[in-house]
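Here's the structure we're looking at; comments come further down.
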Amino acid sequence: MSSREGMEISRKTSPLYESWLKVNASHIKRAKKAINERNLRALGLVAEENCKQMHEVMRTSNPSINYMTNKTIDCINAIESIRNSGFDLFYTVDAGPQVKIICKTEDNGLIQERVSSLPSVRQTLIANIGYGARVINEG
């Protein structure tokens with residue numbers, strides 16, 4: 013099921029959809045503040061909170077939608093374990109089973125090594141913050 017189709021089902025049937033929309037305004041404000049303050053921990057926590065709420069909205073839809081697999085949950089548990097050992101490490105999961113990890117650039121290597129060793133992880137990719145919006149004149 014596409015994410016667009018899944019969200020439409022959630023919009024129409026989840027009893028939590030409206031409250032999730034309302035809390036999104038707060039999440040956006042908190043995320044913007046964290047970005048402006050360069051506060052990775054605050055940004056990561058709001059990303060996780062929003063992720064959990066979005067997936068709960070999908071689970072309470074009719075039919076219930078669950079993009080997370082056991083491997084997704086294994087990866088999330090590992091991320092939380094690594095974070096508990098002293099790293100600023102957070103996750104988000106959109107409409108699919110892939111986990112996106114939010115961490116400091118200097119921790120990329122260690123995090124990739126620890127996460128790549130998990131039996132549930134097939135591949136890891138490192139992405140960084142890109143350039144701001146800009147106009148590209150083509151042709």
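Residues in the sequence shown are numbered from 13 upward in steps of one, following the numbering used here. Don't be surprised by glycine CBs; every beta carbon is placed ideally from N, CA and C. A quick note: this is a predicted structure, and the numbers were derived from the prediction, not measured.
Closest by C-alpha distance to residue i, when choosing among the options
| i | options | result |
| --- | --- | --- |
| P131 | P75, T84, E30 and K34 | T84 |
| E23 | N51, Q110, M66 and G98 | Checking the sequence shown, residue 23 turns out to be Arg, not Glu. Nearest option by C-alpha distance: M66. |
| V133 | E125, A139 and N140 | E125 |
| E30 | S97, A145 and T72 | T72 |
| E20 | H39, A107 and K116 | A107 |
| S15 | S128, S38 and M70 | M70 |
| Q135 | C87, I94, I141 and N36 | C87 |
Cβ neighbours of residue i in the same chain (closer than 6 Å, five flanking residues each side left out)
| i | result |
| --- | --- |
| K112 | T104 |
Chain B within 8 Å of residue i, Cβ atoms only
| i | result |
| --- | --- |
| T136 | You won't find chain B in this structure, because it holds only one protein chain. |
Residue i (DSSP reduced to helix, strand or coil)
| i | result |
| --- | --- |
| T25 | helix |
| I77 | coil |
| I148 | coil |
| V133 | coil |
| T84 | helix |
| T104 | strand |
Nonlocal neighbours in the same chain, by C-beta distance under 7 Å from residue i, ignoring five residues either side
| i | result |
| --- | --- |
| I47 | L55 |
DSSP beta-bridge partners of residue i
| i | result |
| --- | --- |
| V35 | DSSP output for V35 lists no bridge partner at all. |
Next item on the list: Check whether the stretch 75-83 touches the stretch 91-100, taking contact to mean three or more Cβ pairs, one atom from each stretch, closer than 8 Å.
Entry: No: the two stretches stay apart, fewer than three of their Cβ pairs being nearer than 8 Å.
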